[in-house]
Amino acid sequence: MALHRPTMMQHLREGGPWDVCIIGGGATGLGIALEAAAAGLKTALIESIDFAQGTSSRSTKLVHGGVRYLEQGKVALVAEALRERDRLMHNARGHVDDYGFLIPVKRRWAQFYYGVGLRLYDLLAGSHRWGRTEWVSRKEVIGRLPHLEQIGVIGAWRYRDGRFNDADLALGLACTAARLGAVLVNHCRAERFIKEGGTITGVELRDAWTGDTFSIQSKVVVNACGPASDALCRLDDPTHEDRLRPSQGIHLVFDADILKGDDALLIPKTDDGRVLFAVPWLGKVLVGTTDTAVETIQAEPRALEEEITFVLDHANRFLGMQLRREDIRSVFAGLRPLIQGRRDNTAKLSRSHEVESSASGLIQVRGGKWTTYRKMAEDTLQFIAKRGPLTFKPADTSAELLDMDRGERGMHPPDPESLESAVRLAAQEEMCMTVDDFLARRYRTLFLDALAALAVAPEVARCLAEEHGMDDAWTQGQVQSFTQLAAHYLPANTL
Ligand SMILES: Cc1cc2nc3c(=O)[nH]c(=O)nc-3n(C[C@H](O)[C@H](O)[C@H](O)COP(=O)(O)OP(=O)(O)OC[C@H]3O[C@@H](n4cnc5c(N)ncnc54)[C@H](O)[C@@H]3O)c2cc1C
């Protein structure tokens with residue numbers, strides 16, 4: 267079934283009661299919707315803004331085991347993620363690239379240390395391995411990346427990991443879940459739980475598009491709200507104490523010519539023990555990330571000045587680059603839904619996940635990472651099957667092919683001649699409702715070049731207004747709010 271919002275909304279309102287209602291349309295929620303629909307359950311998913319509008323469009327774009335977690339001794343977590351990496355490569359055919367990552371090395375002990383770690387990484391992948399880690403000589407490294415000469419490299423390790431378009435994969439999960447029978451609706455917020463005898467039996471929702479409030483009934487309700495999941499828990503139980511310790515990460519985006527050659531770069535340890543990547547992506551290069559503990563959860567988190575300075579400074583110092591503020595094409599920030607630990611440093615908090623149920627039956631899924639979304643969904647369905655009241659057999663989705671036939675969604679909005687048809691298609695079949703939906707996630711223009719996104723926003727708004735039957739005031743409002751949003755993707759003084 268196409269993601270056509272009016273049709274999906276009608277099914278949502280009239281098609282209940284549901285077996286499972288999932289709240290949150292990021293990687294976690296969409297993965298669970300797919301898994302539940304594959305198991306034959308009557309499944310609904312509600313997303314308050316847009317599919318992947320939260321953390322799931324703001325990642326480093328890696329499908330990976332996570333080399334740095336090896337240093338923290340998280341061998342099982344890495345092995346699990348490496349298995350999922352391979353499955354995703356198969357299931358999202360052509361949409362996960364097997365990519366080379368270079369770790370520049372300056373000292374002999376570091377050559378030995380990282381060499382052992384990366385060989386273990388290869389070993390843990392077992393039969394899911396993608397080629398072997400190899401040593402690249404100083405001559406070859408400098409031949410490809412002359413700026414590394416300045417930092418005195420003796421060579422580099424090259425290992426393999428995956429690269430993907432996160433928002434596009436999210437849409438692929440939504441389309442696949444819909445094909446398997448799930449009903450999914452964006453711009454619709456869960457506002458209150460309905461309970462009978464202390465047990466959750468439904469959810470009160472607000473349709474942000476019309477302002478209507480309505481209720482649906484569901485036997486099981488799943489909280490997949492990522493960094494906002496503690497807030498949803500408090501709707502269920504006002505005394506709920508935070509289980510998450512969200513951490514912000516930002517990326518700076520530059521033109522492709524800052525990084526020559528075909529490989530991504532990884533600095534394994536910055537001043538404060540973080541890793542920093544430079545990843546070629548959709549015709550640009552992403553440099554990041556940071557790990558800053560945050561107190562407030564915002565739908566549109568903003569990069570802090572000190573984070574921008576940190577990334578620029580470290581890329582220049584550790585990679586011999588000469589990046590300047592005015593070269594930044596876009597800055598985007600995301601919040602990691604990390605599970606609380608006793609550690610102060612969020613960079614060391616676990617990236618694994620947990621599934622549990624509240625006293626009133628709300629199923630909570632926390633933590634994890636994009637790469638392991640399928641395993642998180644599998645664990646959630648197994649938890650639900652054990653707990654009742656639904657009786658079903660979880661499906662095996664390890665080889666389920668995802669609906670990813672929307673073509674390459676690159677950097678640019680389509681050229682002026684095809685822009686209109688691209689907007690119309692996205693509105694009719696991909697539930698694209700706003701200028702932000704189109705320019706940030708159906709296409710990635712806002713993330714890659716915020717000025718380019720601003721330039722086409724009025725035309726996108728005009729086409730969307732025609733598709734959705736909206737008036738001039740709506741069109742102007744869309745351009746205005748998108749202009750305000752895009753300002754946060756441009757560091758100060760760039761506009
Ligand atoms: C900087 C950074 C880099 C990362 N890089 C990688 C990487 O390279 N590879 C990797 O595997 N992982 C990476 N991750 C981790 C990964 O992106 C996240 O673990 C994953 O996207 C979390 O998905 P989620 O669905 O749990 O949360 P989200 O994507 O945030 O989804 C939650 C959704 O719930 C919705 N919601 C909230 N409240 C309500 C409500 N009341 N009603 C309805 N909907 C609601 C929100 O709008 C949101 O869309 C990175 C994370 C960050 C921050």
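Adding 266 to a residue's 1-based position in the sequence shown gives its number in the numbering used here. Ideal Cβ positions, reconstructed from N, Cα and C, are used throughout, including at glycine.
Per DSSP, cross-strand counterpart(s) of residue i
| i | result |
| --- | --- |
| Ser481 | Glu470 |
| Pro370 | Ala422 |
| Cys454 | Asp473 |
| Glu622 | Gln630 |
| Cys219 | What is shown of the chain runs 267 to 761, which leaves residue 219 out entirely. |
| Tyr365 | Asp427 |
| Phe378 | Phe378 is not bridged to any residue. |
| Gly515 | Gly600 |
| Ile533 | Leu542 |
| Glu696 | Leu269 |
| Val329 | Gly428 |
| Val449 | Ala310 |
Secondary structure of residue i, DSSP reduced to three states
| i | result |
| --- | --- |
| Lys550 | strand |
| Trp401 | strand |
| Trp396 | coil |
| Gln744 | helix |
| Thr309 | strand |
| Thr556 | coil |
| Leu269 | strand |
| Thr657 | coil |
| Thr465 | strand |
| Phe520 | strand |
| Arg349 | helix |
| Leu615 | Since pLDDT at Leu615 reaches only 49, below the 50 mark, its modelled position is unreliable, and the value read off the structure follows with that caveat. Residue state, collapsed to three classes: coil. |
| Thr749 | helix |
| Ile574 | helix |
| Phe459 | strand |
| Ile605 | strand |
| Phe543 | strand |
| Pro589 | In the sequence on display, residue 589 carries Leu and not Pro. Three-state result, Leu589: coil. |
| Leu510 | strand |
| Leu756 | coil |
Beta-carbon proximity check, residue i vs residue j, cutoff 8 Å
| i | j | result |
| --- | --- | --- |
| Gly600 | His413 | no |
| Ala318 | Ala433 | yes |
| Thr399 | Arg385 | yes |
| Leu368 | Val402 | yes |
| Asp316 | Arg707 | yes |
| Val541 | Arg373 | no |
| Lys485 | Asp703 | no |
| Gly492 | Gly292 | yes |
| Arg271 | Met670 | no |
| Arg424 | Gly383 | no |
| Leu439 | Leu300 | yes |
| Pro757 | Ile563 | no |
| Ser626 | Leu714 | no |
| Thr294 | Ala490 | yes |
| Ala723 | Val701 | yes |
| Met642 | Gly654 | no |
| Gly421 | Val407 | yes |
| Leu751 | Glu571 | no |
| Val469 | Pro512 | no |
| Thr558 | Gln514 | yes |
| Ala456 | Ile650 | no |
| Leu471 | Cys454 | yes |
| Arg771 | Thr741 | Residue 771 is absent from the model: the chain starts at 267 and stops at 761. |
Candidates the options, of which the one nearest residue i by Cα
| i | options | result |
| --- | --- | --- |
| Leu525 | Lys550, Leu604, His361 | Lys550 |
| Ala304 | Leu668, Leu730, Gly735, Leu714 | Leu668 |
| Ala342 | Val382, Tyr387, Ala376 | Tyr387 |
| Leu604 | Gly421, Arg595, Val631, Ser623 | Val631 |
| Ser624 | Glu507, Trp396, Ala530 | Glu507 |
| Ala544 | Thr273, Leu552, Asp538 | Leu552 |
| Ser323 | Phe430, Ala522, Gln377 | Phe430 |
| Leu296 | Leu510, Glu644, Gly743 | Glu644 |
| Trp547 | Leu531, Pro283, Ala559, Lys535 | Leu531 |
| Thr663 | Arg426, Leu446, Trp396, Gly392 | Leu446 |
| Val488 | Thr479, Phe459, Arg509, Leu510 | Phe459 |
| His416 | Leu389, Trp636, Gln588, Ala302 | Residue 416 is actually Gln in this sequence, not His. Ranking Leu389, Trp636, Gln588, Ala302 by Cα distance to Gln416 puts Gln588 first. |
| Phe598 | Asn452, Trp396, Thr555 | Thr555 |
* Counting Cβ pairs, one atom from each stretch, are 3 or more of them under 8 Å apart for the segment 304-313 and the segment 614-633? -> no
* **Three-pair Cβ contact test at 8 Å for the segment 682-696 versus the segment 733-742** => yes
* At least three beta-carbon pairs within less than 8 Å, the segment 568-581 to the segment 517-534 -> yes
* Mind the definition here: the segment 433-445 touches the segment 455-470 only if three or more C-beta pairs lie below 8 Å; say whether that holds. => no
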